[in-house]
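Visitor:
There are 2 protein chains.
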Amino acid sequence: MLQLQTISAEWEACTALSAVQDALYVLNGKWKLPIIVALSSGNKRFNELQKTVKGIAAKVLSHELKELELNGFVIRHVYTSTPVTIEYELTEYSNSLGQVVDALRIWGTMHREKIRSQLRQPKAVPETT
Amino acid sequence: MLQLQTISAEWEACTALSAVQDALYVLNGKWKLPIIVALSSGNKRFNELQKTVKGIAAKVLSHELKELELNGFVIRHVYTSTPVTIEYELTEYSNSLGQVVDALRIWGTMHREKIRSQLRQPKAVPETT
DNA sequence: GTAAGCGGTTACCCAAAGGTAAGTAGTTAC
DNA sequence: GTAACTACTTACCTTTGGGTAACCGCTTAC
């Protein structure tokens, strides 16, 4: 039953599993990717970010920004104008998440469409007797 | 300052943001995508899954499988052999996550490489103990 | 009879994620 | 002097994700 191809497939699946888990470990939580998406269209200040990323609390945003900065995803620019303004900018490294964000965006769009169409057609329940 | 292009970019970023949040809403937690990856190399039984997805507790696996089934990502097959065996299979719908999984796998691999190379060349850290 | 495996469920617990609201410090505006 | 804006921080609380371990019913093996 266990052929070379099967073993190889299992091995590949296993490394894929670890890699996906590594990625999820860094990108955990509801907010990291949304914040990155929000910043992908241009630098933003704290309050701008809070308005863009709907539903996020100041405390959470502050916390997430610190983590993102620590992990090298964003840079915090302090402009000593009056009043002091602070801008958050994506690093080159977070641009490497482009494929991930794109895939999620495309899938999310499709998924929403699917859910909406299911609501319209509640279910053609096939008798499973 | 606000030009049409800027407005357009902001609009696109906003829809992208919602789409990504929609996707994350369904794929929340540490385990859903890893389970899907584990099943992507072939159907598996409960205990096989638990061995493949390292670190997951039976309770959590059970819970996640129920959610995945409810959301139409996996099918639970009951074979009335003796003893009864139960297999989990991915649906066609979860294959639509292929791009997402691929992107995460590639990024995760790259990210791990980056972290490892940072460990080899610590950034001018005074402490080496 | 007892152990061990399958496919879970249940009760209990903890830590972290996340939310609410108030406060802080500095500046500008009225 | 008081209100409002910037960019947060702090204290407090609730929710939930996740972990441990025991247990259930069933069957096979010794």
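Chains as they are written, first to last, in my numbering: chain A, 1266 to 1394; chain B, 1266 to 1394.
Heads up, the beta-carbon is just placed ideally off N, CA and C, and yes, glycines get one too.
Values in this document were obtained by computation on a predicted structure and should not be read as measured data.
Excluding the 5 residues flanking A:Thr1394 on each side, which residues of the same chain have their C-beta closer than 6 Å to its C-beta?
Guide: By 1-based counting over the first sequence, the position of residue 1394 of chain A is 129. Note on A:Thr1394: pLDDT 47, under 50, position unreliable in the model; the coordinate value appears next. Excluding five sequence positions before and after A:Thr1394, none of the CB atoms of its chain fall closer than 6 Å to its own CB.
Visitor: For B:Val1349, decide whether its Cβ has a neighbour in chain A, counting only Cβ atoms nearer than 8 Å.
Guide: For the purposes of this step, residue 1349 of chain B is taken as the residue at position 84 of the second sequence. Chain A, which has no Cβ nearer than 8 Å to the Cβ of B:Val1349, makes this no.
Visitor: Under 7 Å Cβ-Cβ, which residues of chain A neighbour B:His1376?
Guide: As a working mapping, residue 1376 of chain B is identified with position 111 in the second sequence. Going along chain A in sequence order, the residues near B:His1376 (Cβ under 7 Å) are Asp1287, Ala1288 and Val1291.
Visitor: For B:Pro1299, decide whether its Cβ has a neighbour in chain A, counting only Cβ atoms nearer than 8 Å.
Guide: Counting from 1 along the second sequence, the entry for residue 1299 of chain B is found at position 34. Judged by the 8 Å Cβ criterion, B:Pro1299 is in contact with chain A.
Visitor: Would you kindly work out how many angstroms separate the C-alpha atoms of A:Leu1355 and B:Tyr1344, rounded to a whole number?
Guide: Locating residue 1355 of chain A in the first sequence gives position 90, counting from the first residue. Locating residue 1344 of chain B in the second sequence gives position 79, counting from the first residue. Distance between the alpha carbons of A:Leu1355 and B:Tyr1344: 51 Å.
Visitor: Measuring alpha carbon to alpha carbon, tell me which residue in A:Ser1305, A:Tyr1290, A:Lys1319 and A:Ile1321 is nearest A:Ile1340.
Guide: Taking the first sequence and counting its residues from 1, the one referred to as residue 1340 of chain A is at position 75. Relative to the Cα of A:Ile1340, the nearest Cα in the group A:Ser1305, A:Tyr1290, A:Lys1319 and A:Ile1321 belongs to A:Ser1305.
Visitor: Any beta carbon of chain B sitting closer than 8 Å to that of A:Thr1382?
Guide: What you label residue 1382 of chain A is simply residue 117 of the first sequence in a count that begins at 1. It is Ser, not Thr, that sits at residue 1382 of chain A in the sequence shown. It does not: the Cβ of A:Ser1382 has no partner Cβ on chain B nearer than 8 Å.
Visitor: Just the Cα atoms here: how many angstroms apart are A:Ala1253 and A:Ala1323?
Guide: Only positions 1266 to 1394 of chain A appear in this structure, which leaves residue 1253 of chain A out of reach.
Visitor: When you compare the CB positions of B:Ala1303 and B:Lys1309, do they come within less than 8 Å of one another, or not?
Guide: Here residue 1303 of chain B refers to the residue found at position 38 when the second sequence is read from its first residue. Here residue 1309 of chain B refers to the residue found at position 44 when the second sequence is read from its first residue. For B:Ala1303 and B:Lys1309, yes; Cβs fall inside 8 Å.
Visitor: From the beta carbon of A:Ala1274, is the nearest beta carbon of chain B less than 8 Å away?
Guide: Position 9 of the first sequence, counted from the start, is the residue given in the question as residue 1274 of chain A. Output row for A:Ala1274: interface = yes.
Visitor: In whole angstroms, what separates the C-alpha of B:Ser1346 from that of A:Gly1373?
Guide: Here residue 1346 of chain B refers to the residue found at position 81 of the second sequence. Here residue 1373 of chain A refers to the residue found at position 108 of the first sequence. B:Ser1346 and A:Gly1373: Cα-Cα distance of roughly 39 Å.
Visitor: Closer than 7 Å by beta-carbon distance: list the chain B residues that pair up with A:Ser1305, in chain order.
Guide: Start at 1 with the first residue of the first sequence, and residue 1305 of chain A comes out as number 40. Ala1278, listed in chain order.
Visitor: Kindly list the residues whose CB is nearer than 7 Å to the CB of A:Thr1350, restricted to its own chain and excluding five residues on each side of it in sequence; keep chain order.
Guide: Counting from one through the first sequence, the residue named residue 1350 of chain A turns up at place 85. Answer for A:Thr1350: Arg1310 and Tyr1344, listed in chain order.
Visitor: Looking at chain B, is there any beta carbon in it that lies within less than 8 Å of the beta carbon of A:Gln1270?
Guide: For the purposes of this step, residue 1270 of chain A is identified with residue 5 of the first sequence, where counting begins at 1. Not one chain B Cβ lies under 8 Å of A:Gln1270.
Visitor: According to DSSP, is B:Thr1345 part of a helix, a strand, or is it coil?
Guide: Position 80 of the second sequence, counted from the start, is the residue given in the question as residue 1345 of chain B. Of the three classes helix, strand and coil, the one that applies to B:Thr1345 here is coil, per DSSP.
Visitor: Can you find the residues in the same chain that come closer than 8 Å, C-beta to C-beta, to B:Thr1317, ignoring five residues on each side of it along the sequence?
Guide: The sequence position of residue 1317 of chain B within the second sequence is 52, counting from 1. These residues qualify, in order along the chain: Ala1303 and Lys1309.
Visitor: Residue range of the alpha helix (DSSP H) that B:Leu1269 falls in?
Guide: Position 4 of the second sequence, counting from 1, holds the residue named residue 1269 of chain B. Taken as a continuous stretch (DSSP letters only), the alpha helix (DSSP H) holding B:Leu1269 covers Leu1269 to Val1291.
Visitor: For B:Thr1350, does the three-state DSSP call read helix, strand or coil?
Guide: Start at 1 with the first residue of the second sequence, and residue 1350 of chain B comes out as number 85. Reduced to three states, the DSSP call for B:Thr1350 is strand.
Visitor: Quick one: residues in its chain with C-beta nearer than 7 Å to the C-beta of A:Val1291, no 5 flanking neighbours on either side, listed in chain order?
Guide: Looking up residue 1291 of chain A in the first sequence gives position 26. Contacts found: Asn1336.
Visitor: Within the 8 Å Cβ cut-off, does A:Thr1394 reach chain B?
Guide: Here residue 1394 of chain A corresponds to residue number 129 of the first sequence, with the count starting at 1. At A:Thr1394, the pLDDT of 47 sits below 50, so the modelled position is not reliable and the matter cannot be decided from this model.
Visitor: In terms of residue numbering, what span does the alpha helix (DSSP H) encompassing A:Lys1331 cover?
Guide: Within the first sequence, residue 1331 of chain A is the residue found at index 66, counting from 1. Taken as a continuous stretch (DSSP letters only), the alpha helix (DSSP H) holding A:Lys1331 covers Ala1323 to Leu1335.
Visitor: Does B:Lys1295 come out as helix, strand or coil in the three-state DSSP assignment?
Guide: Residue mapping note: residue 1295 of chain B aligns to position 30 of the second sequence, counting from 1. It is coil, neither helix nor strand.
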